[in-house]
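**Q** Numbering (the numbering used here), first residue to last: 968 to 1142.
We put the CB at the ideal spot given by N, CA and C, even for glycine.
Sharing a structure, written as structure tokens. Questions coming.
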Amino acid sequence: MHVDPLEKKWVWIASIMVAIMLGSIFYTAFAPIRMHPPSNVEAIDSTQLHLSEEFAEDNLGVKTNPDGSVTVTVVAGRYGFYPQEIVVPADTPVKFRFATPDVLHGLHVPGTNVDTMVIPGYVSEVNTVINYDTVAKVAVKDGNGGLRVPLYCNEYCGLGHHFMWSRLVVTPKQG
Ligand code: CUA
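Encoded structure:
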């Protein structure tokens, strides 16, 4: 069977592209990098967030648990994250819990593995330990050793999407 040399070349190029894509899937699945699929499925009535205990305005933000770990409750709504500034300690287990009262949002914090979708009707949970030195590479330092990084929306959610961000301040671990 005769195959045109140009056609042969493109068979190779297409095969290499497929191999690279499959390779990257397997790499992210098995390599020892900190990448986790979403861990929980938890439903919530998005229209009633303000009436829920956890996501009511007064109860948002950072709470320190008896074991020293930290839980952060955040509402992602058009067009901002509430509260607008979140202060968490580095090198400490942190559980982020996000919910949205309106549409689909995304959420990403540079220098960390915090990256999730926030889907109406569900609570998105991210469990992580934020490494001070890793965040320091991309953060702006304030006077007290705190590292400021943006926490921004990475799913298109409407006209104000590009302005949807708030601030995460990572403080050095105490003691
Ligand atoms: Cu919220 Cu884009």
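Is it the case that the CB of M1084 approaches a heavy atom of ligand 1 more closely than 7 Å?
**A** Checking the Cβ of M1084 against ligand 1 gives no.
**Q** Of all the CB atoms in chain C, is at least one closer than 8 Å to the CB of S1091?
**A** Absent from the structure is chain C; it holds one protein chain and no more.
**Q** Starting from the Cα of S1091, find the closest Cα among V1105, H1072 and T1101 and give me that residue.
**A** Answer by Cα proximity: H1072.
**Q** Restricting to runs no shorter than 3 residues, where is the beta strand (DSSP E) found entirely within the region 1036-1115?
**A** Within the region 1036-1115, the complete beta strand (DSSP E) runs of at least 3 residues are 1037-1044, 1047-1049, 1052-1056, 1060-1066, 1072-1075, 1082-1085 and 1091-1096.
**Q** Does DSSP put K1140 in a helix, in a strand, or in coil?
**A** Looking at K1140 - three-state DSSP - the assignment turns out to be coil, as it is neither helix nor strand.
**Q** For P1117, tell me which candidate among W1132, T1138 and D1109 has the shortest Cα-Cα distance.
**A** Measuring from the Cα of P1117, the nearest candidate turns out to be W1132.
**Q** Where do the N-terminal and C-terminal ends of the alpha helix (DSSP H) with V985 fall, by residue?
**A** P972 to F997 is the extent of the alpha helix (DSSP H) around V985.
**Q** Are the region 982-997 and the region 1035-1048 touching by the rule of at least three beta carbon pairs closer than 8 Å?
**A** Not touching, per the Cβ criterion.
**Q** Please list, in chain order, all residues of the same chain as G1113 whose beta carbon is under 6 Å from its beta carbon, the five residues on each side excluded.
**A** Same-chain partners within the cutoff: V1136 and T1138.
**Q** Could you please give me the residues that DSSP links to T1031 through a beta bridge?
**A** Answer by DSSP bridge pairing, in chain order: V1037.
**Q** Let me know if I1053 comes out buried or exposed under the rule of 16 or more other beta-carbons within 10 Å of its beta-carbon.
**A** That one is buried.
**Q** Do you know offhand how far P1077's Cα is from W977's?
**A** Cα to Cα, the separation comes out at about 38 Å.
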